[in-house]
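For reference, the structure discussed in these notes is given below.
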Amino acid sequence: MNKELNVSNLEQRDQTAASERAQDHVQHDRLQSVIAELATFGGRSDGGVSRETLTDPDLQARRYLIDLARSRGCSVTIDDCANLFFRRPGTSDLPPVLTGSHADTQPVGGKLDGAYGVLAGLEVIAALNDAGIKTLRPVEVVAWTNEEGCRFGPGAMGSSAFVDPSCLPAYRNSVDAKGVRFGDALELALEAVPDVPRRPMAEPMSACVELHIEQGPVLERALVPLGVVTGIQSVRWYRIQVTGTAGHAGTMPMDERVDAMAAAVGLAQQLYAYQAVEAGEKLRLTLGRWQVSPNSINTIPGAVEFTVDVRSVDEQVLVQFEAALKQITQAYSWAGKIEFESIFSRPPTHFPAAMLALIERACTRASSRASLAAPLRMTSGAFHDAMYLAEHCPTAMIFVPSKGGVSHNAAEETAPQELFLGVQALAYAVTSLANA
Ligand code: HGY
Ligand code: MN
Ligand code: MN
1 MNKELNVSNL EQRDQTAASE RAQDHVQHDR LQSVIAELAT FGGRSDGGVS RETLTDPDLQ
61 ARRYLIDLAR SRGCSVTIDD CANLFFRRPG TSDLPPVLTG SHADTQPVGG KLDGAYGVLA
121 GLEVIAALND AGIKTLRPVE VVAWTNEEGC RFGPGAMGSS AFVDPSCLPA YRNSVDAKGV
181 RFGDALELAL EAVPDVPRRP MAEPMSACVE LHIEQGPVLE RALVPLGVVT GIQSVRWYRI
241 QVTGTAGHAG TMPMDERVDA MAAAVGLAQQ LYAYQAVEAG EKLRLTLGRW QVSPNSINTI
301 PGAVEFTVDV RSVDEQVLVQ FEAALKQITQ AYSWAGKIEF ESIFSRPPTH FPAAMLALIE
361 RACTRASSRA SLAAPLRMTS GAFHDAMYLA EHCPTAMIFV PSKGGVSHNA AEETAPQELF
421 LGVQALAYAV TSLANA
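In C-alpha cells:
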C-alpha cells in the first residue's frame, strides 16, 4: 500500500472534479437568451443578422458584450486592433486560458457564426461563478475584430494582428466598398469605448479553445452532436480586375467591343472548368463578389472586379490552382487588360494531439451524459481565428452541427440542445486548462 499520499493524483482528481462541476453548471436557457439578445444588433426580418465589422450594429454589439461581461464580474480591456478581452481572474497571474471567437458577421449572416463562441465563453464564466470555482489561471474571453474579412479584406484581421502586430499598419489601409479605410473605422471603434483600458498586443496565452458552429453538413449527417476539430484547411483569396472600354449597348457592334463583362465571364468559366476537370472536390472555388462599372443596363461594362476564394485540405492543390489562374489570365486574348492580386493566403492548420485528447474527453463526457453519440474528429472547411492562435499557444476547436450545413445565410441554425452541449464541453476544457 503506498503510504505516500500522491498529491498529483489528488490534484488531478480535484482538477477533474472542477472541470465536471463547471460543465454541470452551464445553463441552457441563460445561453439561449443572450444568443437572442446579441442577434438583435443588426437583426433582420428574415431571422438573420447583418453586423459587418465596425459598423454601427457591431459597435452596439460590442457595448452589449462589455456590459454582459462586467455583469459577470469580468474586467474588460481592448487592444490596438479593437480586439475585446473579458477577463475572469485566477488565483495567480499566470498567462490566461483564452476562449471566444468573433462578433462580426457576413453582410447576410446568421446569429451563431462567431457570436456563439463569444457568448459560450461568457457562459463558461457564469458557470464557473455559479460553481464557486477558483481557477489557477485567469480565463479570458475574446471578441476578435473582423474575422469575416468581407467588409475589409483579409479575414481574421484581429486575431492575426494580435499574434503578429506588424500586420496592423497594412490592415489600416484596407478599404471597404464605400472607400472607408479600416484604420479610420478602427479609430472610431476605439473612441467608442473610452471606459475600456487599452492593453498590449500579443499578450502571452497558456492555451486557446474556440467553440464554433461547423457551418457544413458533416456532423449532422453523422448524427453526432460534437466535433473535435483536428485542423483547418488552407485558404487563398484573390482579386481579379478586368478592364475594357465602356460603350453604348445599342450602337457598338459586337465585334468591336472591349467588353469587360464578356472577358470576366470567360475567365470565370475557365476557372470553374479547371475546378471540375483538374481538381474536383479537392478544390472548393467561390467567385463571391462582383463589382461592375458603371453597372448600367445599357452601357457595355468598362470594368469588372471579382473575387476568388479557394480552399483545400492539401495546400499543393492551391499552389496548382494559382499557377493555373496565372496561366488563364495571361493567355486570355482580347484588347483589354486583366490583373489579379493575392489578398489572403493561409496554409493548413493542425491542432496539437494533447489538446485534441482534452477536447475529446470534454466532448465525450458531455455527449455521453446526454446519451448521444461520441464526438467525431474532423477538419474545418471554414477558417477561424484559431488558425492564427495556433501559432501563439496550444490551440483547439470544438464544433456543433449546423442544420442542413447552412451558414453565411440568414437561415443558419443549430438545435438548442447541441448549442448547450458545445458549451458544456467548452466549460470542461477551459476549466481543465485553467487549472493546469
Ligand atoms: O470564410 C470563412 O471560412 C470564415 O467563415 N469567415
Ligand atoms: Mn466564424
Ligand atoms: Mn463566417
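Every letter in the sequence shown is one number past the one before it in the numbering used here, and letter 291, counting from 1, is 291.
Glycine included, each C-beta is placed from N, C-alpha and C at the ideal position.
- Is Glu147 near ligand 2, with its Cβ less than 7 Å from a heavy atom? Because some heavy atom of ligand 2 lies under 7 Å away, the Cβ of Glu147 counts as near it: yes.
- Item | Check: Ala382 C-beta below 7 Å from any heavy atom of ligand 3 | Yes, the Cβ of Ala382 comes within 7 Å of a heavy atom of ligand 3.
- Message: According to DSSP, simplified to helix, strand and coil, what is Lys337?
- Response: In this structure, Lys337 counts as strand in the three-state DSSP scheme.
- Should the region 404-424 be regarded as contacting the region 220-238, the criterion being three or more beta carbon pairs within less than 8 Å? yes
- With hydrogens ignored, establish whether the beta-carbon of Gly155 is closer than 7 Å to any heavy atom of ligand 1. yes
- What residues in its chain sit with their C-beta under 7 Å from that of Asn2, if we drop five residues either side in the sequence? Legend: pLDDT at Asn2 = 44, less than 50; position of this residue unreliable, no value from coordinates given.
- Task: Assign Ser333 to buried or exposed, taking buried as 16 or more other Cβ atoms, counted over all protein chains shown, within 10 Å of its Cβ.
- Result: exposed
- Start-end ranges of the beta strand (DSSP E) lying completely within the region 55-87, minimum 3 residues: 75-78
- Beta carbon of Gly114: closer than 7 Å to some heavy atom of ligand 2? yes
- So is Asn435 buried or exposed if we call it buried at 16+ other beta carbons inside 10 Å? buried
- From the DSSP output, in three-state form, read off Arg181 for me. Three-state DSSP puts Arg181 in a strand.
- Task: Identify, in the order they occur along the chain, each residue of the same chain with its Cβ nearer than 7 Å to the Cβ of Met261, setting aside the five sequence neighbours on each side.
- Result: Val292, Pro301, Val304
- Task: Check His102 in the structure and name its three-state DSSP category.
- Result: strand
- Task: Excluding the 5 residues preceding and the 5 following Phe41 in the sequence, name in chain order all residues of the same chain whose CB lies nearer than 7 Å to its CB.
- Result: Arg51, Pro57, Gln60, Ala61, Tyr64
- Query: For the alpha helix (DSSP H) that Met397 lies in, which residues bound it at each end?
  - Reply: Note, Met397: premise wrong, no alpha helix (DSSP H); beta strand (DSSP E) at 395-400.
- Task: Would you mind reading off the limits of the alpha helix (DSSP H) that contains Gly117?
- Result: 115-131
- Query: Buried or exposed: which applies to Ala427, given that a residue is buried once 16 or more other Cβ atoms fall within 10 Å of its Cβ?
  - Reply: Ala427 is buried by the Cβ-count criterion.
- Message: Considering just the uninterrupted stretch of the beta strand (DSSP E) at Gln417, what are its terminal residues?
- Response: Premise fails: Gln417 lies in the alpha helix (DSSP H), 416-434, not in any beta strand (DSSP E).
- Message: Distance check for Ala18 and Leu5, CA to CA, integer angstroms please.
- Response: For Leu5, the predicted structure reports a pLDDT of 49, less than 50, and the residue's modelled location is therefore unreliable. A value from the coordinates is still provided. Approximately 20 Å between the Cα atoms of the pair.
- Taking 8 Å as the threshold, find out whether the region 387-403 comes into contact with the region 202-219 through three or more Cβ pairs. yes
- Query: Using the rule of at least 16 other Cβ atoms within 10 Å of the residue's Cβ for burial, across every protein chain shown, is Lys134 buried or exposed?
  - Reply: exposed
- Message: Short of 7 Å in beta carbon distance, which residues of its chain neighbour Gly288, apart from the five on each side in sequence? Order them along the chain.
- Response: Thr307, Asp309
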